[in-house]
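Count the sequence shown with mature numbering (1 follows the signal peptide of the UniProt record, and there is no 0) and you get residues -17 to -1, 1 to 377, in order.
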Amino acid sequence: MKAKKLITLALPVMLMAGCTTETYGLTQSEYKLVDKHFKADKLIEDMNRMHYSDEQIEQQLRGALATIKSEQEEAKKKSKPKEEIQLDSYSKEEKSDTGKSKKDIDNVEGYPTDTVGKKDVSTKKLSEKEYVTRLFELRLDLQQELDRLDKEIKTMFDDGGELTKPTIDAITDTRLVLNELEAVNPPKKHEEFHEYVIKSGIKDSREGLNRVEEDVRKFMVGGISTARLKEVLEKGMRDIDSGPEMWETSFEDFEKEFPGVQQKVMDKKQKELKDANEGTVNISANGKELVADWGTYRNGEFNLGFDLKKDGTFLMYESEDKEERKQTHMLGEWKYDGIKKIMTFTYKKFIEHGSEKEGIDLPPYAEFKIKSFNGDTFEMMELESEVVMKARKR
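Structural data, given as structure tokens:
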């Protein structure tokens, strides 16, 4: 893939290395994984011979990738003790005050160290009122994503099963809200409630969500029929909804204990939705609200991360694997024009396998119009290509 094309369409990342292997939208690590299990080169050769389009090839590769990941996840669950499975993705490693495992914090130039004063509510011990407020916020976010997922599924069937990508994107966004909810740090009074009620509901919803995604991906590659997909998705959506349903009585009690909090949260969310629909961007002139580690997603998979730092520098990375991220990333500077609502990325150097990559034909900068911003997510459009991307705070 050409580095310049990647910058124009999706910001610079690992594939800017000028590699000659076409990965059809997959990251290098994803492509290698598919190749290891299914001989990707042979698959692509066969599909090209049958005149598959690039989009169809990508769908087939992503279907294979989903199958591999599903099998790996099942293998992990079977190998873990029951107690660990219930804790799901929670780690018992010692954490720093940023919420990251101390062994993951590194002083590699440009590598995210969270030393720029980020305030991550998920790692801060919350007061009782802060905790209740955060639960109401994330419960509302979750309901909005579930409504969107339900709508996308119905649209997918109405259009003859052609629009699977928006459904996968909705699944990804729903999963991200569940992750945020799981990571909330409750006050001592509610620690057991969060551990055994909130996390139990999250576990049920997450399992239902995983099944829905697996079935949609099977459908994408012709693994199941439309009739069968409708049947399994109805059950899958009921399983997803069962998580929030077990919280309802507790949320009613919270509203009695802190009257008015739920209404304030709803009013705030309605304003954010209104601002987003109208293209309102509530960002300071210096763009301080953008200082964070952001992620973009494509076809339900992590696509690109970019860490915008307080000192005006940035780091971009393609892999969620911390070691790969340290070895291969893009460094540069960013700035925000509050009047034009334009963010500019100026590229400085590209690190590949721990060494600076020389001789890459990169444009000096790329400009993105911020279309909406609500604190946790924002949409931006690359001005040259008019490609729109949605980023969520990581």
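From the three backbone atoms N, C-alpha and C, an ideal C-beta is built for every residue, glycine too. Keep in mind it's a predicted model, so treat the numbers as computed, not measured.
Rounded separation between residue i and residue j - CA only
| i | j | result |
| --- | --- | --- |
| phenylalanine 351 | phenylalanine 333 | 20 Å |
| leucine 109 | glutamate 339 | 42 Å |
| leucine 287 | glycine 243 | 39 Å |
| alanine 268 | lysine 251 | 22 Å |
| glutamate 175 | tyrosine 114 | 13 Å |
| leucine 26 | lysine 15 | 13 Å |
| serine 233 | proline 227 | 11 Å |
| methionine 203 | glutamine 42 | 7 Å |
| phenylalanine 328 | tyrosine 319 | 9 Å |
| serine 302 | asparagine 168 | 27 Å |
| arginine 117 | phenylalanine 21 | 44 Å |
| lysine 186 | arginine 194 | 12 Å |
| lysine 52 | lysine 305 | 18 Å |
| lysine 63 | aspartate 224 | Per-residue confidence for lysine 63 stands at a pLDDT of 49, beneath the threshold of 50, marking its modelled position as unreliable; no derived number is given. |
| alanine 23 | glutamate 13 | 11 Å |
| glycine 100 | threonine 296 | Residue placement at glycine 100 is poorly supported in this model, since its pLDDT is 35, which falls under 50; the coordinates still yield a value, given next. Roughly 14 Å separates the two Cα atoms. |
| glutamate 238 | glycine 358 | 24 Å |
| glycine 337 | lysine 292 | 21 Å |
| threonine 360 | leucine 125 | 14 Å |
| lysine 309 | glutamate 335 | 9 Å |
| glutamate 28 | aspartate 294 | 47 Å |
| alanine 210 | lysine 172 | 48 Å |
| threonine 138 | glutamate 341 | 47 Å |
| phenylalanine 7 | serine 208 | Rather than phenylalanine, the amino acid found at residue 7 in this sequence is tyrosine. When rounded, the distance between both Cα atoms is 25 Å. |
| asparagine 31 | methionine 372 | 29 Å |
| isoleucine 322 | proline 170 | 41 Å |
| glutamate 307 | tryptophan 317 | 23 Å |
| lysine 254 | serine 355 | 12 Å |
| leucine 9 | glutamine 55 | 18 Å |
| arginine 45 | glycine 270 | 36 Å |
| lysine 201 | leucine 298 | 35 Å |
| aspartate 133 | glutamate 217 | 10 Å |
| leucine 161 | aspartate 276 | 18 Å |
| aspartate 37 | proline 347 | 29 Å |
| methionine 326 | methionine 313 | 17 Å |
| residue 460 | aspartate 222 | This structure cannot speak to residue 460, because the chain is shown only from -17 to 377. |
Exposed unless 16 or more other CB atoms sit within 10 angstroms - verdict on residue i
| i | result |
| --- | --- |
| methionine 363 | buried |
| glutamine 11 | buried |
| serine 188 | buried |
| glutamate 236 | Glutamate is not the amino acid found at residue 236; the sequence shown has aspartate there. The residue in question, aspartate 236, is exposed, as its Cβ has fewer than 16 Cβ neighbours within 10 Å. |
| isoleucine 181 | buried |
| tyrosine 94 | With a pLDDT of 32 at tyrosine 94, under the threshold of 50, the modelled position of that residue is not reliable, and no figure is offered here. |
| glutamate 76 | Bear in mind that a pLDDT of 37 at glutamate 76, under 50, signals an unreliable position, so the number given afterwards is only what the model happens to contain. It is exposed - the Cβ of glutamate 76 has fewer than 16 other Cβ atoms within 10 Å. |
| aspartate 18 | buried |
| glutamate 369 | exposed |
| residue 425 | No statement about residue 425 is possible, as the shown extent of the chain runs from -17 to 377 and does not include it. |
| glutamine 136 | Per the sequence shown, the amino acid found at residue 136 is isoleucine instead of glutamine. Isoleucine 136 is buried by the Cβ-count criterion. |
| glutamate 367 | exposed |
| glutamine 245 | buried |
| glycine 205 | exposed |
Beta-carbon spacing of residue i, residue j below 8 Å
| i | j | result |
| --- | --- | --- |
| valine 349 | threonine 279 | The sequence shown places alanine at residue 349, not valine. No, the pair does not count as a contact, with Cβ atoms beyond the cut-off. |
| leucine 273 | isoleucine 266 | yes |
| methionine 220 | glycine 184 | no |
| arginine 131 | alanine 166 | no |
| aspartate 156 | glutamate 128 | yes |
| valine 215 | threonine 150 | no |
| tyrosine 300 | glycine 315 | no |
| phenylalanine 119 | valine 264 | no |
| phenylalanine 140 | lysine 213 | yes |
| glutamate 197 | alanine 49 | yes |
8 Å Cβ cutoff, residue i in contact with chain C
| i | result |
| --- | --- |
| glutamate 301 | Structure shown: chain C not included; a single protein chain is present. |
Rounded distance between the beta-carbons of residue j and residue i, thought under 8 Å
| i | j | result |
| --- | --- | --- |
| phenylalanine 241 | lysine 107 | That belief does not hold up - the Cβ atoms of phenylalanine 241 and lysine 107 are roughly 19 Å apart, past 8 Å. |
| lysine 324 | isoleucine 353 | 5 Å |
| glutamate 178 | leucine 121 | 16 Å between Cβ atoms; not a contact. |
| arginine 158 | leucine 192 | 6 Å |
Residue i CB to nearest heavy atom of the ligand GDP below 7 Å
| i | result |
| --- | --- |
| serine 208 | Looking at this structure, you won't find the ligand GDP or any other ligand, since it has none at all. |
Legend entry - Ordered list of alpha helix (DSSP H) runs contained in the stretch 159 to 212, each at least 4 residues: Taken in chain order, the whole alpha helix (DSSP H) runs of length 4 or more contained in the stretch 159 to 212 are 182 to 203.
Legend entry - Uninterrupted alpha helix (DSSP H) stretches inside the stretch 272 to 322 (no shorter than 4 residues): If we require 4 residues or more, the alpha helix (DSSP H) runs fully inside the stretch 272 to 322 come out as 305 to 310.
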